[in-house]
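Report on the following structure.
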Amino acid sequence: MAMTTSSFSLSLGSFSVTRRRRNVVAASATSLRSEENIVIVGAGVAGLATALALRRLGVGAAVLEQGPTLRAGGTSLTLFKNGWRVLDTIGVADELRANYLRIQGMRMRSPANGGQVLREFSFEEEAPGQEVRAVERRVLLETLASKLPPETISFSSKLKSIAEQGPDGTLLELEDGRQVLAKIVVGCDGVNSQIARWMGFSEPRYVGHMAFRGLAEYADGQPFEPKVNYIYGRGVRAGFVPVSPTKVYWFICFNRQSPGPKITDPAALKREALDLVGGWPSDLLAVMGSTPESAVVRTPLVDRWLWPGLAPRASRGGGVVLAGDAWHPMTPNLGQGACCALEDAVVLARRLAAAGNAGDAMQGYEAERWARVFPLTARAGLVGALVQWENAAVCAVRDGVVIPRLVRLGPFLEHTNFECDLLGASP
Ligand SMILES: Cc1cc2nc3c(=O)[nH]c(=O)nc-3n(C[C@H](O)[C@H](O)[C@H](O)COP(=O)(O)OP(=O)(O)OC[C@H]3O[C@@H](n4cnc5c(N)ncnc54)[C@H](O)[C@@H]3O)c2cc1C
31 MAMTTSSFSL SLGSFSVTRR RRNVVAASAT SLRSEENIVI VGAGVAGLAT ALALRRLGVG
91 AAVLEQGPTL RAGGTSLTLF KNGWRVLDTI GVADELRANY LRIQGMRMRS PANGGQVLRE
151 FSFEEEAPGQ EVRAVERRVL LETLASKLPP ETISFSSKLK SIAEQGPDGT LLELEDGRQV
211 LAKIVVGCDG VNSQIARWMG FSEPRYVGHM AFRGLAEYAD GQPFEPKVNY IYGRGVRAGF
271 VPVSPTKVYW FICFNRQSPG PKITDPAALK REALDLVGGW PSDLLAVMGS TPESAVVRTP
331 LVDRWLWPGL APRASRGGGV VLAGDAWHPM TPNLGQGACC ALEDAVVLAR RLAAAGNAGD
391 AMQGYEAERW ARVFPLTARA GLVGALVQWE NAAVCAVRDG VVIPRLVRLG PFLEHTNFEC
451 DLLGASP
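In terms of the numbering used here, the sequence shown opens at residue 31 and continues consecutively.
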């Protein structure tokens with residue numbers, strides 16, 4: 031059934047969220063104070079998808095983003111079928127599909143012998159129905175944002191502090207002195223979430239390896255088959271995947287006791303990446319060579335396991351709730367961080383829209399999502415620990431027995447099954 035803005039309202043105490051902005055209470059040059067029903071902090075994957083999912087239900091939200099624009103950098107995100115189900119549901123999948131290649135399979139290789147293939151999989155044969163595409167992060171964000179009313183996102187709006195104000199809601203103070211009083215705050219402020227810290231979460235844990243990522247550009251067309259290539263060394267692994275007819279994403283994961291100082295010189299960053307894979311297969315090196323220095327990033331990998339009984343609640347006081355990396359940062363070993371942020375968005379929007387009371391909605395969301403994200407975070411961490419092994423004997427068993435004979439793609443990708451039944455229709 032189509033649901034329109036006028037036929038739907040979410041009861042939040044005495045407020046109706048069909049009217050997004052409650053009002054501007056006081057205006058002066060330095061202390062503009064406004065009131066909103068729903069404020070989403072962070073215009074990343076989780077924040078924009080939540081805003082759009084709510085909008086598809088006729089519910090408005092304001093998004094505060096610290097940056098002056100959407101994040102322009104970043105390389106690409108590999109999205110599996112659970113991510114695509116969400117993007118279908120919120121109405122942006124086909125637009126993205128038109129520009130990004132459907133990946134047909136996966137090659138697992140050794141760095142030796144010119145990149146000897148240890149095993150090759152076809153998604154169609156081993157995991158029918160799987161949909162894998164790598165999407166440029168910038169384009170994903172722009173596409174989500176383009177479906178929101180233009181006034182939805184306030185850029186250069188960095189959250190500075192947060193305080194509960196009893197039944198009035200939660201007061202958000204921004205770096206520039208503005209204040210926003212919100213009935214509901216959705217913390218989508220990413221892996222270093224200030225809101226999560228305020229709710230008692232620990233800092234994410236560095237897992238002992240780091241990742242380089244890059245996006246190669248081929249103005250005249252890239253030459254690769256639409257397959258993911260993984261190359262497993264000792265304590266170092268790399269991979270590349272065609273993204274579009276002209277772009278190829280690559281990554282390198284390497285062990286390192288501590289992240290060390292941040293490198294800001296792009297040329298030095300690219301050199302360090304190339305040094306890690308000196309003598310590795312020429313196709314990988316060619317992809318890296320076709321990458322502008324500005325499109326290479328290095329990130330320490332972190333996660334946070336939401337141990338039952340130990341982790342703080344994902345919501346507080348029926349007024350603040352977390353989604354995406356702010357709640358459950360996970361390592362990228364399963365390619366599920368952004369996929370799960372998208373899942374969070376639709377589940378949270380559905381719960382908020384269906385419940386008469388925001389506190390119940392948040393608790394229902396937390397229970398439903400915890401059961402999904404805690405095992406995935408743990409699994410991603412364990413897979414990372416296994417594939418980053420350095421021990422020569424263990425790596426020989428991996429390359430000689432485990433990869434060629436034991437790995438089964440279908441069962442391995444079972445976590446990408448996700449039913450997504452959010453919405454009626456777009457407004
Ligand atoms: C190396 C690597 C590879 C990855 N590969 C994949 C992959 O292939 N597939 C996949 O699904 N996932 C992948 N991920 C995970 C994915 O990047 C994250 O899970 C995803 O970006 C989380 O989205 P988010 O919206 O929660 O956070 P983010 O995308 O980080 O967005 C947070 C937003 O909040 C804003 N913000 C932060 N603080 C404030 C503040 N105080 N005030 C206002 N705004 C603020 C930020 O500017 C940002 O725009 C990868 C991660 C890494 C590190």
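C-beta atoms are modelled at their ideal positions from N, C-alpha and C, and glycine is treated no differently.
None of these values were measured; they are calculated from a predicted model.
Task: Per DSSP, cross-strand counterpart(s) of I120 - done: DSSP lists no beta-bridge partner residue for I120.
Task: heavy atom of ligand 1 below 7 Å from C425 C-beta - done: No - ligand 1 has no heavy atom lying nearer than 7 Å to the Cβ of C425.
TODO: Determine the DSSP secondary structure at V169, reduced to helix, strand or coil.
DONE: Secondary structure at V169: helix, using DSSP grouped into helix, strand and coil.
Open item on the list: What ranges does the alpha helix (DSSP H) occupy inside the segment 64-148, keeping only unbroken runs of at least 4 residues that lie completely in it?
Closed with: Listed in chain order, the complete alpha helix (DSSP H) runs (minimum 4 residues) inside the segment 64-148 are 75-86, 111-119, 123-127.
TODO: Note the first and the last residue of the continuous alpha helix (DSSP H) segment covering M240.
DONE: The continuous stretches of alpha helix (DSSP H) do not include M240, which lies in the beta strand (DSSP E) extending over residues 235-247.
Open item on the list: I'd like to know whether the C-beta atoms of E156 and L439 end up nearer to each other than 8 Å.
Closed with: Yes; because the gap between Cβ atoms is below 8 Å, this pair is in contact.
TODO: Kindly examine ligand 1 and report whether one of its heavy atoms sits closer than 7 Å to the Cβ of R132.
DONE: It does not: the Cβ of R132 is nowhere closer than 7 Å to a heavy atom of ligand 1.
Task: Spatial neighbours of I70 in its chain, beta-carbon cut-off 6 Å, leaving aside the 5 residues before and after - done: Around I70: G77, T80, A81, A91, V93, V216, C218.
Open item on the list: Taking 7 Å as the cut-off, is the C-beta of T407 nearer than that to any heavy atom in ligand 1?
Closed with: Outside the cutoff, so no.
- [ ] Determine, using beta carbons only, whether I225 and I261 come nearer to each other than 8 Å.
- [x] No. Outside cutoff.
Task: Selected residue, minimal CA-CA separation from V147, among H445, F110, I433 - done: The option with the nearest alpha carbon to V147 is I433.
- [ ] Taking V317 and V278 to be in contact with their CB atoms under 8 Å, please state how far apart those CB atoms are, rounded to whole angstroms.
- [x] Right, the Cβ-Cβ distance comes to about 5 Å (below 8 Å), so this counts as a contact.
Task: Reduced DSSP secondary structure (H/G/I, E/B, other) of Q224 - done: In this structure, DSSP gives Q224 a helical state, which the three-state scheme calls helix.
Task: Continuous alpha helix (DSSP H) assignments of at least 4 residues falling wholly in the segment 282-317 - done: Within the segment 282-317, the runs of alpha helix (DSSP H) at least 4 residues long that lie entirely inside it are, in chain order, 296-306.
Task: Length of the line joining the Cα atoms of T329 and L299 - done: Approximately 11 Å between the Cα atoms of the pair.
Task: Assigned secondary structure, S186 (DSSP; H/G/I helix, E/B strand, else coil) - done: Residue state, collapsed to three classes: coil.
Open item on the list: Could you check if K277 belongs to the surroundings of ligand 1, using beta carbon to heavy atom distance under 7 Å?
Closed with: Distance from the C-beta of K277 to the nearest heavy atom of ligand 1 is not below 7 Å.
TODO: Assign R334 to buried or exposed, taking buried as 16 or more other Cβ atoms, counted over all protein chains shown, within 10 Å of its Cβ.
DONE: R334 is classed as buried because its beta carbon has at least 16 other beta carbons within 10 Å across all chains shown.
TODO: Indicate whether P14 and G145 have their beta-carbon atoms separated by less than 8 Å.
DONE: Residue 14 is absent from the model: the chain starts at 31 and stops at 457.
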